[in-house]
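Taking it in order: structure first as structure tokens, then the write-up.
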Amino acid sequence: MTNGTEAPAIGLTHGASQDTGLGNRGPQSKSIVVPYGFWLFVLSDMVLFSALFASYATLVHATDGGPVTSQLFDRTNVAIETLALLISSFICGLAMIAAKRKNMLWTQVFLFFTGLFGLVFLVIEITEFVGMVRIGAGPQRSAFLSSFFTLVGCHGAHVTAGLLWIGTMMAQVWAKGFQPHIIRRLLCFSIFWHALDIIWVAIFTIVYLIGTLP
Amino acid sequence: MSDDELEPINVAPGEPHDSLMSETLSYVVGLGLALLLTGVSFWVASTSAIWGPGVAMGLVVLAIAQMGVHLVFFLHITSGPDNTNNVLALAFGVLIVFLVMIGTIWIMYHLAANMGPSPEMTNLMLQRG
Numbered sequence: 001m002t003n004g005t006e007a008p009a010i011g012l013t014h015g016a017s018q019d020t021g022l023g024n025r026g027p028q029s030k031s032i033v034v035p036y037g038f039w040l041f042v043l044s045d046m047v048l049f050s051a052l053f054a055s056y057a058t059l060v061h062a063t064d065g066g067p068v069t070s071q072l073f074d075r076t077n078v079a080i081e082t083l084a085l086l087i088s089s090f091i092c093g094l095a096m097i098a099a100k101r102k103n104m105l106w107t108q109v110f111l112f113f114t115g116l117f118g119l120v121f122l123v124i125e126i127t128e129f130v131g132m133v134r135i136g137a138g139p140q141r142s143a144f145l146s147s148f149f150t151l152v153g154c155h156g157a158h159v160t161a162g163l164l165w166i167g168t169m170m171a172q173v174w175a176k177g178f179q180p181h182i183i184r185r186l187l188c189f190s191i192f193w194h195a196l197d198i199i200w201v202a203i204f205t206i207v208y209l210i211g212t213l214p
Numbered sequence: 215m216s217d218d219e220l221e222p223i224n225v226a227p228g229e230p231h232d233s234l235m236s237e238t239l240s241y242v243v244g245l246g247l248a249l250l251l252t253g254v255s256f257w258v259a260s261t262s263a264i265w266g267p268g269v270a271m272g273l274v275v276l277a278i279a280q281m282g283v284h285l286v287f288f289l290h291i292t293s294g295p296d297n298t299n300n301v302l303a304l305a306f307g308v309l310i311v312f313l314v315m316i317g318t319i320w321i322m323y324h325l326a327a328n329m330g331p332s333p334e335m336t337n338l339m340l341q342r343g
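Below, the structure is given as structure tokens:
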């Protein structure tokens with residue numbers, strides 16, 4: 001965070017005219033550097049997903065005579081999943097607001113509901129996957145289904161990891177209180193969770209909505 | 215920041231907020247916009263009021279708009295000085311993502327168009343290697 005006394009800054013410089021922005025104030029604080037490093041990880045994760053999206057787009061018509069997109073996907077399910085994940089992301093933001101003010105009760109309550117809505121999303125997704133496998137539309141059926149399960153399953157795996165992370169953070173906040181390093185971990189978690197919602201926006205548009213166009 | 219006489223509402227979504235209300239408001243506005251864009255997406259996908267071939271492109275545009283809403287209101291990406299590194303990293307990430315996706319789709323489309331005698335054959339080739 002900038003010092004409270006600085007003049008309004010333009011571009012890379014930070015206030016005082018002698019400051020080139022290249023460090024006469026020394027390195028940035030950990031509260032800047034740690035989220036930046038995590039942001040880089042999240043962006044590299046998005047590059048990974050872009051490769052999965054690309055292979056899905058390439059293979060989506062390679063159905064080998066098996067089921068095609070419009071026969072498999074149910075828009076109502078997808079709408080509920082989208083809503084659950086969006087609300088989860090929103091409540092995660094509220095949890096960060098509460099954590100910044102060191103309010104234990106509301107931080108825990110909001111984190112719990114963040115996880116709960118994430119769980120709702122995950123249960124619907126797993127139900128969908130099980131239903132597809134049961135009607136013979138598993139990942140081994142066609143190249144289209146292999147790429148579908150890889151792409152959407154990879155997102156689901158991220159959500160699962162996020163749920164474990166929420167549980168861990170609730171326990172850590174409870175046991176260790178609002179120490180700076182715990183706040184930083186919470187911040188990283190919120191970046192991760194919001195980024196997953198961004199990837200889901202791409203999935204529900206490209207896979208489900210465009211896949212079920214008449 | 216704390217001594218400023220700023221109206222709390224006048225702070226950009228990603229700037230440090232002091233007031234509980236303005237900070238919450240930023241998330242509420244983000245949620246509202248995201249819900250609106252999601253709703254429009256589902257409507258566009260199911261209506262017949264829009265020229266058919268244009269629907270897919272419209273959906274992609276809506277999705278990109280919603281990603282922007284998430285970046286600004288939830289992830290607090292701004293043009294402020296503390297955010298320069300984050301914005302540059304994001305720009306590089308977006309560049310790579312577009313290179314990978316558009317490059318793959320472009321090349322694979324032409325590969326399939328040039329090699330397969332018919333869509334069915336192309337399908338088999340993709341299936342069985």
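Line order of the protein sequences matches chains A and B. Numbering-wise (our numbering), the first sequence opens with residue 1 and increments by one. Numbering-wise (our numbering), the second sequence opens with residue 215 and increments by one. Every residue, glycine too, gets a C-beta built ideally from N, C-alpha and C. Just so it is clear, the structure is predicted and the values come from calculations on it, not from any experiment.
| task | Kindly give me the distance between the Cβ atoms of residue 63/A and residue 148/A, rounded to whole angstroms, as I take these residues to be in contact under 8 Å. | result | In the first sequence, the residue the question calls residue 63/A occupies position 63. In the first sequence, the residue the question calls residue 148/A occupies position 148. In fact, because the Cβ distance is near 10 Å, the residues do not count as touching under 8 Å.
| request: Evaluate the contact criterion for the stretch 66–86 of chain A versus the stretch 241–260 of chain B: three or more CB pairs, one atom per stretch, below 8 Å. | output: yes
| Alpha carbon to alpha carbon, what distance is there between residue 327/B and residue 114/A? | By 1-based counting over the first sequence, the position of residue 114/A is 114. By 1-based counting over the second sequence, the position of residue 327/B is 113. Distance between the alpha carbons of residue 114/A and residue 327/B: 46 Å.
| said: What would DSSP say about residue 30/A, mapped onto helix, strand or coil? | reply: Residue mapping note: residue 30/A aligns to position 30 of the first sequence, counting from 1. Residue 30/A falls in the helix class under three-state DSSP.
| message | What does the alpha-carbon distance come out to for the pair residue 296/B and residue 41/A? | response | Here residue 296/B refers to the residue found at position 82 when the second sequence is read from its first residue. Here residue 41/A refers to the residue found at position 41 when the first sequence is read from its first residue. Computed Cα separation, rounded: 19 Å.
| said: I want to verify the contact list: residues of chain A whose CB lies under 8 Å from the CB of residue 284/B, in sequence order. | reply: Against the second sequence, residue 284/B aligns to sequence position 70. Near residue 284/B (Cβ distances below 8 Å), the residues of chain A are 89, 194, 197, 198 and 201.
| Proximity to residue 150/A [Cα-Cα], best of 48/A, 169/A and 112/A | Here residue 150/A corresponds to residue number 150 of the first sequence, with the count starting at 1. Ranking the options by Cα distance to residue 150/A, first place goes to 48/A.
| said: Is residue 219/B close to chain A? Criterion is C-beta to C-beta, closer than 8 Å. | reply: What you label residue 219/B is simply residue 5 of the second sequence in a count that begins at 1. With a pLDDT of only 42 at residue 219/B, under 50, the local geometry of the prediction cannot be trusted, and the value read off the model is given with reservation. Not one chain A Cβ lies under 8 Å of residue 219/B.
| query | Over what stretch of residues does the alpha helix (DSSP H) that includes residue 236/B continue unbroken? | reply | Along the second sequence, read from residue 1 onward, the residue named residue 236/B stands at position 22. Taken as a continuous stretch (DSSP letters only), the alpha helix (DSSP H) holding residue 236/B covers 234–260.
| Residue of 43/A, 56/A and 34/A minimising C-alpha distance to residue 153/A | As a working mapping, residue 153/A is identified with position 153 in the first sequence. Nearest C-alpha to residue 153/A: 56/A.
| By how many angstroms is the C-alpha of residue 105/A removed from the C-alpha of residue 300/B? | Mapped onto the second sequence, residue 300/B falls at position 86. Mapped onto the first sequence, residue 105/A falls at position 105. Distance between the alpha carbons of residue 300/B and residue 105/A is about 32 Å.
| query | What did DSSP end up calling residue 100/A once you bin it into helix, strand or coil? | reply | Translated into positions along the first sequence, residue 100/A becomes position 100. Here residue 100/A sits in helix by DSSP.
| CB of residue 190/A within 8 Å of CB of residue 132/A, strictly | Locating residue 190/A in the first sequence gives position 190, counting from the first residue. Locating residue 132/A in the first sequence gives position 132, counting from the first residue. No, these two residues do not count as a Cβ contact at 8 Å.
| What residue range is occupied by the uninterrupted alpha helix (DSSP H) comprising residue 328/B? | Translated into positions along the second sequence, residue 328/B becomes position 114. Residue 328/B -> alpha helix (DSSP H) spans 298–329.
| query | Are the beta-carbon atoms of residue 162/A and residue 121/A separated by less than 8 Å? | reply | If you number the first sequence from 1, residue 162/A lands on position 162. If you number the first sequence from 1, residue 121/A lands on position 121. No.
| Can you name the start and end residues of the alpha helix (DSSP H) that residue 160/A belongs to? | Numbered from its first residue, the first sequence carries residue 160/A at position 160. Counting along the chain, the alpha helix (DSSP H) containing residue 160/A begins and ends at 143–176.
| query | So which residues of chain B does residue 93/A contact, with C-beta pairs closer than 7 Å? | reply | As a working note, residue 93/A is residue 93 in the first sequence. Within chain B, the residues near residue 93/A are 241 and 288.
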